[in-house]
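Below: one structure, written as structure tokens.
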Amino acid sequence: MTRPTRIEGRCAWLREAIAPGETDAPELDTDAKADVCIVGGGLAGLWTAITIKQRAPSTNVTIVEADICGGGASGRNSGMVLSQWAKFSALEAFCGTKDAIRLGNEFGNSASNIEAFCHEHGIDAEFRRDGWIWGATCARQVGSWNGILAAHAKHNIHVFRPLTSTEIAERTGSRSFLAGIFDPTAATLHPGKWVRGLRRVALQRGVRIFENSPMTRLERSAPPVVRTAKGSVTAARVVLTMNAWSLGLPELRGAILVIASDDAVTEPAPDLLDKIGYRARPLMGDSQTFVTGFRTTGNHRFNPGVSGGIIGFGTMQGQRFEGRSIREDDMHACVQRGHPALAGLTFADSWCGPIDRTQSGLPLFGALPTCPDIFYGYGFSGNGLSTTPIAGRILASLALGGQDEWSQCGLVRPAQSWLPPEPLRYVGALMVRAAIKRKDALAYEDREPGFLVRRLAALAPGGITTSRVTKN
Ligand SMILES: Cc1cc2nc3c(=O)[nH]c(=O)nc-3n(C[C@H](O)[C@H](O)[C@H](O)COP(=O)(O)OP(=O)(O)OC[C@H]3O[C@@H](n4cnc5c(N)ncnc54)[C@H](O)[C@@H]3O)c2cc1C
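If you count by the working numbering, then the sequence shown holds residues 20 to 491, one letter each, in order.
The structure is reproduced here in structure tokens:
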């Protein structure tokens with residue numbers, strides 16, 4: 020049975036992207052068969068489905084989605100398409116220098132590939148190549164990027180260029196940034212229109228989609244079976260692209276910490292944005308561990324975002340990330356600090372969504388140790404836009420059984436656990452989160468954190484600008 024696609028309670032991006040009269044894909048209510056069954060219809064699942072169809076058009080690909088495609092993080096992110104060069108050292112640790120450079124280039128090309136894909140398929144995702152300023156909003160943050168620039172210099176990689184405080188003010192109208200570096204390849208897009216566009220292309224390519232069909236059981240048999248309340252899909256291969264909800268699977272749980280990010284959009288303010296000089300509209304972020312980012316939207320709204328929100332508990336059964344953000348005060352404070360001329364704008368909407376952070380900040384791919392025909396792709400750590408097109412290639416190679424540079428790359432690795440079981444994990448995460456917030460705040464007072472705060476904050480998993488050289 021199909022139903023009208025719900026827009027109430029969804030974030031501004033999805034409300035703008037879901038056309039009036041649109042209906043959900045049917046619910047799974049039969050026992051179906053597929054060559055490949057993908058669980059989770061976000062960017063990772065959709066890219067995997069589309070890539071499989073590109074490579075092997077006759078493959079029967081089925082997506083089983085708990086909500087609607089894009090209803091998870093993919094339809095409610097900040098739409099910043101960032102190259103992954105800030106994570107080069109972590110990439111190098113897993114993949115070796117040669118492959119890290121190859122993958123770095125592939126991630127870096129994602130913005131251009133997304134632009135070309137939108138053009139080819141008539142997706143108006145409001146793609147804009149604005150570039151990204153990674154900056155410092157207090158003296159202690161200045162030079163946070165030096166380590167990564169040194170790693171780049173060793174290999175003749177020259178993506179970022181330095182910007183002075185004056186140059187940042189000229190481009191953005193904000194005098195709060197003391198220094199920064201600029202990546203001109205970065206882009207912004209409309210997350211709702213992008214993910215819903217991908218859904219349309221998947222359907223056009225013959226991918227079968229079932230929405231409002233949460234997987235209730237995964238049988239690790241030969242062949243594996245995905246069960247929902249009213250039906251099942253028996254498939255030669257299963258691909259799990261469930262983001263934070265991977266916590267529900269014991270084989271995957273230990274490798275990610277789930278922590279929300281929150282976003283808001285203001286009322287449209289084209290005149291004010293022009294007046295303060297935010298004309299070229301680059302996206303921008305500071306160097307806090309819990310990074311704060313800013314961008315503008317196609318309809319001239321200002322869009323701040325903060326990380327370090329709600330922590331995912333247990334298997335996240337019943338835990339929801341719906342409705343307005345509970346962190347609007349934090350977002351107002353971050354605008355006041357990073358872009359004070361825009362601090363008077365009111366928020367028209369706000370929301371949050373879960374992020375699946377791995378220890379290194381890099382995604383994980385592979386086969387479940389309990390079943391060789393079930394593959395996983397998750398742990399995008401707040402950087403899914405440029406990495407999910409590559410995830411699609413890796414997971415398509417794994418699902419189609421190919422031995423190539425994707426199935427054999429260094430990101431294909433066991434989902435090793437680095438976190439204790441619940442409730443220790445949740446309590447520990449609360450303590451680490453508090454320590455990171457304290458450390459970030461003390462930096463603005465030019466103060467050094469004490470021993471305990473330093474030690475706890477050092478346990479932070481990798482994020483957008485903080486990657487760690489670890490085994491996971
Ligand atoms: C507020 C916020 C801001 C962000 N900003 C950026 C940004 O600017 N740039 C960037 O690159 N990344 C950003 N991200 C991260 C990015 O959105 C994610 O990395 C990306 O969307 C992950 O895609 P995914 O397909 O893995 O996850 P999702 O889109 O979450 O898809 C997973 C899907 O699995 C489904 N699912 C879960 N359990 C089941 C089940 N049992 N059965 C069936 N289906 C199930 C869910 O309903 C969901 O639709 C942000 C994220 C958030 C939350």
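Using N, Cα and C, we set each Cβ at its ideal position, and we do this for glycine too.
Quick caveat, the model's predicted, so the values are computed rather than measured.
The C-alpha of residue 145 is placed about 23 Å away from the C-alpha of residue 70. Its Cα nearest to that of residue 433, the residue 386 stands out among 386, 190 and 236. Sorting 471, 435, 465 and 440 by C-alpha distance to the C-alpha of residue 452 places 471 at the top.
Between residue 283 and residue 368, the C-beta gap is smaller than 8 Å, which places the two residues in contact.
From the listed residues 193, 102 and 230, the smallest Cα separation to residue 291 is found for 193. With a cut-off of 7 Å, the C-beta of residue 84 is classified as near ligand 1, since at least one heavy atom of the ligand falls inside that distance.
Following the DSSP letters along the chain, one finds residue 349 inside the alpha helix (DSSP H) bounded by residues 347-357. The closest heavy atom of ligand 1 lies 7 Å or more from the beta carbon of residue 244. Taken atom to atom, the span from the alpha-carbon of residue 220 to that of residue 42 is near 16 Å. Look at residue 62: its beta carbon is less than 7 Å from one of the heavy atoms in ligand 1.
Judged by beta-carbon spacing, residue 428 lies within the 8 Å limit of residue 413, meaning their Cβ atoms are closer than that value. Three or more Cβ pairs closer than 8 Å define a contact, and the stretch 112-132 falls short of that threshold against the stretch 70-81. Cβ atoms of residue 308 and residue 202 stay farther apart than 8 Å, at about 20 Å. For residue 45, the distance from the CB to the nearest heavy atom of ligand 1 is not below 7 Å. Where residue 303 is concerned, the enclosing beta strand (DSSP E) starts and stops at 302-304. Within the DSSP secondary-structure output, residue 181 pairs in a beta bridge with 200. A residue is called buried once 16 or more other Cβ atoms fall within 10 Å of its Cβ, and residue 345, having fewer, is exposed. Leaving aside the five residues that flank residue 116 on each side, the residues in its chain whose CB is nearer than 8 Å to its CB run, in chain order, 174. Residue environment analysis places residue 86 among the buried positions, since at least 16 neighbouring C-beta atoms fall within 10 angstroms of its C-beta. Here residue 340 carries a coil assignment [DSSP, helix/strand/coil].
When secondary structure is reduced to three states using DSSP, residue 165 falls in the helix class.
Per DSSP, reduced to three states, the secondary structure at residue 297 is coil, with no helix or strand assignment. In terms of CA proximity to residue 396, 58 leads the group 30, 53, 106 and 58.
Check the Cα spacing between residue 153 and each of 40, 278, 436 and 197: the tightest is with 197. Where residue 210 is concerned, the enclosing alpha helix (DSSP H) starts and stops at 210-223. With respect to the 8 Å criterion, residue 54 and residue 78 are classified as neighbours on the basis of their beta carbons. Remark: C-beta atoms of residue 376 and residue 268 do not approach each other more closely than 8 Å. In the same chain as residue 270, and ignoring 5 residues on each side of it, the C-beta atoms closer than 7 Å to its own belong to 387, 388, 389 and 434, in chain order. One Cα belongs to residue 21, the other to residue 38, and the distance between them is close to 15 Å. In its chain, beyond the 5 residues on either side, 61, 62 and 214 have a beta carbon closer than 6 Å to the beta carbon of residue 93. With a threshold of 16 other beta carbon atoms within 10 Å, residue 172 falls short and is exposed. Under DSSP, the beta-bridge partners assigned to residue 323 are 313.
Taking C-beta atoms as the reference points, residue 206 and residue 149 count as a pair closer than 8 Å. Per the DSSP secondary-structure output, residue 52 pairs in a beta bridge with 253. Look at residue 373 here: in three-state DSSP terms it is strand. Between residue 261 and the set 403, 475 and 476, the nearest pair of CA atoms involves 403.
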